Amino acid sequence: MNSILSIDKRNAVLNTMQTLVKTHAQTILDANKIDMDSYDNSDLAMSDRLKVNDAKIEGMIESLRQLSELEDPVGVERFRFTHDNGMQIYNRTASFGTVMIIYESRPDVTIEAGGIAFKSGNKILLKGGKESLNSNLAIVKLWHQALEANGVSTDWVEYLNYNRTETQAFLENPTQTLDLIVPRGGERLIEFVKKNAKCPVIVSGRGNNFVFVHKHANAQMALDIVVNAKTQKVSGCNAVDKVIIDNDLPNREQFINDLLARLKTHNVEVLGDNTLSHYSDVTPIDNDAVWYEEFLDYKIVIGSIANTQEAIDMINKYSGGHSASIVTSATGAAENFMAAVDCGAVYHNASTRFTDGFEFGLGGELAIGTDKLHQRGPIGLQHLVTNKWYVHGDGQIR
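Rendered as C-alpha cells:
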C-alpha cells in the first residue's frame, strides 16, 4: 500500500472484525461444515486443524481483542545517536509492506495471522488450501466488511484463490509488490515456497520436539509432562514426538512401565530403541531416520541416553529446532541443557505445548519460526516489522 493506516484506524477495523465474527459465527461454522464434509480425513492433523468449532471461534474473537489492545509495533524507536556533526540519527520499526501468508487447513490463520499482519501495518495476501476454501472465503468476506465499515480499501486484505501451478507462477513472478512470505504447513509446503519465492521467507518449520527425562527427574512430573505434550493436541507443531530417558534414572523400569500404561490409555503407538526391546507394547525402531520425523499423530519414540551432554547432542542432531524440555530437579543440569540445546524454545519442567503466541503473551502468532533470522519461536505482532533509519541534519556533508 502507498501509506500506512493510522493505529486508530487499524484498531477500529480489528474491533469491527471482532464484532462481525461474533455476529456471524454460525456463517463461519456452516461454511466450515461444507469443508469438513468434503475432506476425506486421510490426515488426522490436517482434519483437526481444518475443523472450526465454538472454541475456535472464541479463540478468533480473543485474538482480535488482544491485538486491538496491544501497542502499535510500527514506529517504535530502537536506537538513537547524535553524530559529532550534529545530525540526529534514529532507528525505528517499520512495516514490511505486503505480506503473503500461505497455509494449509487452519481457517483460524485467516483471522489470527491476518490480524497480526494488518495490525503491524501490512497489506495481507492470504493463500489458503483448497480443503478450507469455504471457511476462508466466509472469513475474508467479514474482513472486507470490517474494512469498508471503517472507510478502508478492501485491498488491504486479499484472498488468492490459486491452485498449485498458479501459486508457483505468482511466487516466481509476482503481479504485485511482495515483501515477505510466511508459509504455515508441512515441510513440503515450506520447501515449495523456499524454492520458488523471490523475496524473504520466514520458515515456520517442523516440530519433532523432545523431552529429556534426567536422572534427577520427579517421575510423576515427567509422566504428566510427556503425556500432556504428546496427547493434548497431536496436530500441534509443539507436540512432543521423542522421549529420551537417562540410564541412571532411579526406578527406571517402573517409570517406563508407568509411561507405557499412560500412553496406552490414549492409544499412542510407541516405538523404542533396543533398550526397550523387551517391552511387549513397544515396536522396535528399524531405522534411525525415524528420529528425524515429525508425526502429528498418536505416535511416539522412546529411547535411552547416557547423560545430559548426549541428550543435548541427540536433540541438536535430530530435532526440528522448535522446542525441547528437560525434566529435572538439578538446576545446573537444566541450565546447561537450556543453554546448549539449539531450539527456538527450551523448557525446564514444563510441557512443550506452551510454545504458542497466546501462551507467551504475544496475543497470537503469525508462525513459529525455526530459522535464526529474523525471529525464533512464536512470531508475534512486535516481530512482524522491519526497521529503517531516520537521519535529521541541517546541511551536513561528508
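Sequential numbering of the sequence shown, starting at 1, is according to this note's numbering.
Don't be surprised by glycine CBs; every beta carbon is placed ideally from N, CA and C.
Source: prediction; values computed, not measured.
query, result
"Have a look at glutamate 172 and asparagine 161 and give me their C-alpha separation to the nearest angstrom.", "17 Å"
"If I'm right that lysine 119 touches leucine 14 with Cβ under 8 Å, what's the distance once you round it to whole angstroms?", "6 Å"
"Assuming threonine 16 contacts alanine 146 (C-beta within less than 8 Å), just tell me the rounded distance between them.", "4 Å"
"Give me the Cα-Cα distance between valine 109 and glycine 129, rounded to the nearest whole angstrom.", "11 Å"
"Closest by CA to phenylalanine 295, which one among Gly236, Ile245, Asn218, Gly272?", "Gly236"
"Tell me where the beta strand (DSSP E) around glutamine 375 begins and ends.", "Per DSSP, glutamine 375 belongs to no beta strand (DSSP E) and is neither H nor E."
"Which same chain residues, not among the five before or five after alanine 232, have their C-beta less than 7 Å away from its C-beta?", "Just to set this straight, residue 232 is glutamine in the shown sequence, not alanine. Arg353, listed in sequence order."
"Tell me proline 183's beta-bridge partners as DSSP assigns them.", "Ile102"
"How would you label tyrosine 159, buried or exposed, when you count the other beta carbons within 10 angstroms and need 16 or more for buried?", "buried"
"Name the two residues that bound the continuous alpha helix (DSSP H) containing glutamate 62.", "54-69"
"So, is aspartate 394 buried or exposed, given that buried needs 16 or more other C-beta atoms within 10 angstroms?", "exposed"
"Proline 107: which of Gly121, Lys33, Tyr298 sits nearest, CA to CA?", "Lys33"
"Is it true that the segment 69-88 meets the segment 386-393, where meeting means three or more beta-carbon pairs spaced less than 8 Å apart?", "yes"
"According to the Cβ coordinates, are valine 240 and asparagine 209 closer than 7 Å?", "yes"
"Taking C-alpha atoms, which residue in Asp30, Met46, Ile256, Asn274 lies nearest to leucine 223?", "Ile256"
"Should proline 399 go down as buried or exposed, given a rule of 16 or more other Cβ atoms within 10 Å for buried?", "The displayed coordinates of the chain run from 1 to 398. Any statement about residue 399 would go beyond what the structure contains."
"Would you be able to state if there are at least three C-beta pairs under 8 Å between the segment 380-389 and the segment 262-277?", "no"
"How close, in whole Å, do the beta carbons of histidine 322 and glycine 185 come, if the pair is a contact with beta carbons under 8 Å?", "Their Cβ separation, rounded to whole angstroms, is 14 Å, which puts histidine 322 and glycine 185 out of contact at 8 Å."
"Enumerate in chain order the residues of its own chain whose CB-to-CB distance from alanine 350 is below 8 Å, with the five nearest sequence positions on each side excluded.", "Ile225, Ser325"
"Between serine 153 and glycine 377, what straight-line distance do the alpha-carbon atoms span, to the nearest angstrom?", "33 Å"
"Mind pulling the alpha helix (DSSP H) runs of 4 or more residues that sit fully within the segment 321-391?", "331-340"
"Would you kindly report the start and end of the unbroken alpha helix (DSSP H) that includes glutamine 396?", "Per DSSP, glutamine 396 belongs to no alpha helix (DSSP H) and is neither H nor E."
"Can you tell me the Cα-Cα spacing of serine 3 and threonine 98, whole angstroms?", "12 Å"
"What residues match up with tyrosine 159 in a beta bridge as DSSP calls it?", "Leu126"
"Return yes when the Cβ of tyrosine 292 is within less than 7 Å of the Cβ of valine 268, no when it is not.", "no"
"What residues in its chain sit with their C-beta under 7 Å from that of serine 319, if we drop five residues either side in the sequence?", "Asn208, Asn209, Phe210, Cys343"
"Relative to the C-alpha of lysine 215, which residue among Thr331, Glu148, Leu137 is closest?", "Thr331"
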